[in-house]
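Report on the following structure.
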Amino acid sequence: MNKEWPLWEIFVRSENGLAHKHVGSLHAADAEMAVQNARDLYTRRNEGVSIWVVKSSDVVATDPSQAEALFEPSEDKAYRHATFYKVPEGVKHL
Amino acid sequence: MYTSISDGIVEGQSDEREASFNERLDRSVKVEPNDWMPEAYRKTLVRQISQHAHSEIVGMLPEGNWITRAPSLLRKLILLAKVQDEAGHGLYLYSAAETLGTPRDAMVEALLTGKAKYSSIFNYPTLTWADVGAIGWLVDGAAIINQIPLTRCSYGPYARAMVRICKEESFHQRQGFDVMWKLAHGTPEQHAMAQDALNRWWWPSVMMFGPPDSASPHNEQSMRWKIKLFTNDELRAKFIDQTVPQAEQLGLRIPDPDLRWNEATQHYDIGAIEWDEFYRVIKGDGPCNRERLQTRVDAWNDGAWVRDAAMAYADKHAARETSAA
């Protein structure tokens, strides 16, 4: 047969209050095994309190060659940031 | 507008793309999996990361040899944890290499057929318990010096894997030094055992940094690509400078009659390295090359039915869920 186990992306929540963060990937035959392997591989030293696993083939991503078109337009909109505006001297709580 | 994270390799070569790639490298922008990259950059990384992974996996064998014979329950627990870490390091690295589009099975096959190399240090035998100490202290010590700069290398997934690995390596080095310390300060026989291990592991550890800069084929391009940040000789000197005083503190003698502190260079001068031995071991004629490779081949073949059964079970259950829905 010789079929490679599928690849899974692993996300770990390091403590309650923080979001799950991508830590790497691993191979496992199914979701249950992916969770078990992730526990052994990515949380040997109190790195987390919760794990998400997602099949790599199910992750949809932006195309890097489109990065300019997608993300650069926000660079010339400085007025979207608070620091764009000069605060007159003496004005507080702004 | 969108793509998958697992098959986003952009093929083809273009001068304009290469110029923009180099310009981003100069600005220290990290390269991520789906970004365009020169084919040679990709190939170099796959070779380096997968061989690094192989080294971690084969590196489990010399120390695994002592798990059943560790001198106390605590030492056994420590050694088990360390060898488990090495497996983990191999897996972090294989998955980093996979982001470059090379399947795991292809890398494993390259190892098992002898096409891919691994660090030649693991082709030496672990004859006594002191060897477990010497490996942690010297081999993992050398590995740390090699690996710390890699946490800043230009390829994102490799750099991130190295951050995890480096955190764990310092435990490896300290437990090794602790084994050496206890032996060096034990009975005369234990002290002699520690000295014997240092005698056998010193030169192979010095060789771990690879050929001298004058004979290293990959140095220059890898430095241009920020895959390598220091040369082999620079890293080797750093290892020697920090390890010699540790040997003195252990009360052990480095097996090099030409070892001298050089005031002018502020580094130690060392005797001639026997590069013939290094190349002989790399080419497959070290003391344990055949045994190490055979162990990996057997493990892979003996595990085939387990991999197949798990996959068949997963496929069956997935099919059932689909038909139920």
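Protein sequence lines, in the order shown, are assigned to chains A and B. First residue of the first sequence? That's 1 in this note's numbering, and the numbers climb one at a time after it. First residue of the second sequence? That's 1001 in this note's numbering, and the numbers climb one at a time after it. A virtual CB, placed ideally from N, CA and C, is assigned to each residue, including glycine. Computed from a prediction, not measured in an experiment: that's the story for all the values here.
Does DSSP classify A/Ile10 as helix, strand or coil? strand
Worksheet entry | Cross-chain neighbours of A/Arg39 in chain B, by beta carbon under 9 Å | Neighbours of A/Arg39 on chain B: none; closest Cβ ~12 Å, over 9 Å.
So, do the stretch 1237-1249 of chain B and the stretch 1034-1044 of chain B have three or more beta carbon pairs nearer to each other than 8 Å?
no
Checklist line | Helix, strand or coil at B/Val1179 according to DSSP, with G and I counted as helix | finding: helix
Close beta carbons around B/His1267, own chain, < 7 Å, minus the five adjacent residues each side = Ala1237 and Asp1241
Evaluate contact between the stretch 1105-1123 of chain B and the stretch 1152-1164 of chain B, counting only Cβ atoms and requiring at least three cross-stretch pairs below 8 Å. no
- Query: Nearest-angstrom Cα distance between A/Met1 and B/Asp1308?
  - Reply: Reliability fails at A/Met1, whose pLDDT of 49 lies under 50, so the model's placement of it is uncertain and no value is given.
_Taking only three categories from DSSP, how would you classify B/Asn1123?_
helix
*Could you name each continuous alpha helix (DSSP H) segment of 4 residues or more that falls completely within the stretch 23-88 of chain A, going from the start of the chain to the end?*
31-42 and 67-71
- In terms of residue numbering, what span does the beta strand (DSSP E) encompassing B/Asn1262 cover? Arg1260 to Asn1262
>> If we define contact as Cβ-Cβ less than 9 Å, is A/Leu26 a contact residue for chain B?
In response: yes
Answer yes or no: do B/Pro1255 and B/Leu1198 have a C-beta to C-beta separation smaller than 9 Å? yes
Checklist line | B/Lys1076 - partner residues in DSSP beta bridges | finding: DSSP, once it has assigned bridges, lists no residue as partnering B/Lys1076.
Just verifying my parser: in three-state terms, what is the DSSP assignment at B/Asp1085?
helix
Got a sec: which bits of the stretch 1096-1119 of chain B sit with their beta carbon under 9 Å from any beta carbon on chain A, in order along the chain? Ala1096, Glu1098, Thr1099, Pro1103, Arg1104 and Asp1105
Of the choices B/Ser1095, B/Gln1051, B/Val1083 and B/Glu1274, whose alpha-carbon is the least far from that of B/Leu1112? B/Gln1051
- Message: I'd like to know if B/Asp1131 contacts chain A, where contact means its C-beta is closer than 9 Å to some C-beta of that chain.
- Response: no
Would you give the residue range spanned by the beta strand (DSSP E) that B/His1191 belongs to? Looking at the DSSP string, B/His1191 is not in any beta strand (DSSP E); the run it does join, the alpha helix (DSSP H), is Pro1188 to Met1207.
Next item on the list: Use the C-beta contact count for B/His1089: other C-beta atoms within 10 angstroms, 16 or more gives buried, fewer gives exposed.
Entry: buried
**Study point:** A/Trp5 and A/His22 closer than 9 Å at C-beta
**Key:** no
Three-way DSSP call (helix, strand, coil) for A/Met1 in this model:
Note that A/Met1 scores 49 on pLDDT, short of 50, meaning its location in the model is unreliable; the coordinates nonetheless yield the value given after this. Three-state result, A/Met1: coil.
Using a Cβ-Cβ cut-off of less than 8 Å, list which residues of the stretch 1290-1321 of chain B approach chain A; keep chain order.
Ala1304, Arg1307, Asp1308, Ala1310, Met1311, Ala1312, Tyr1313, Ala1314, His1317 and Ala1318
Check your understanding: Which residues in the same chain as A/Ala29 place their Cβ atom closer than 7 Å to its Cβ, once the five residues preceding and following it in sequence are excluded?
Key -> Trp5
Check each residue of the stretch 1081-1096 of chain B: if its Cβ is closer than 9 Å to any Cβ of chain A, include it; give the result in chain order.
Ala1081, Gln1084, Asp1085, Ala1087, Gly1088, Leu1091, Tyr1092, Tyr1094, Ser1095 and Ala1096
Rounded to whole angstroms, what is the Cα-Cα separation between B/Leu1061 and B/Arg1292? 7 Å
Notebook entry, point to check: Nearest CA to the CA of B/Cys1166: which residue from B/Gly1186, B/Asp1178 and B/Asp1085?
Noted result: B/Asp1085
Exercise. Straight-line CA distance for B/His1054 to B/Phe1209?
Worked result: 16 Å
**Asked** Measuring CA to CA, which of B/Ser1020, B/Asp1026, B/Glu1016 and B/Asp1276 is closest to B/Trp1225?
**Response** B/Asp1026
Closer than 9 Å to chain A by CB, B/Asp1233: no
Name the chain A residues that come within less than 8 Å of B/Ala1161, Cβ to Cβ?
-> Gly24
- Tell me where the alpha helix (DSSP H) around B/Asp1269 begins and ends. Here B/Asp1269 belongs to no alpha helix (DSSP H); instead the beta strand (DSSP E) covers His1267 to Asp1269.
Taking the alpha-carbon positions, what's the A/Trp8 to B/Ala1264 distance?
54 Å
Determine the extent of the alpha helix (DSSP H) in which B/Phe1278 is found, giving its start and end residues. Trp1275 to Arg1280
9 Å Cβ cutoff, B/Asp1026 in contact with chain A: no
Practice item. Kindly indicate which three-state DSSP category B/Lys1117 falls into: helix, strand or coil? Key: coil
query: Out of A/Tyr42, A/Glu47 and A/Asn37, which has the shortest C-alpha to C-alpha gap to A/Asn16?
result: A/Glu47
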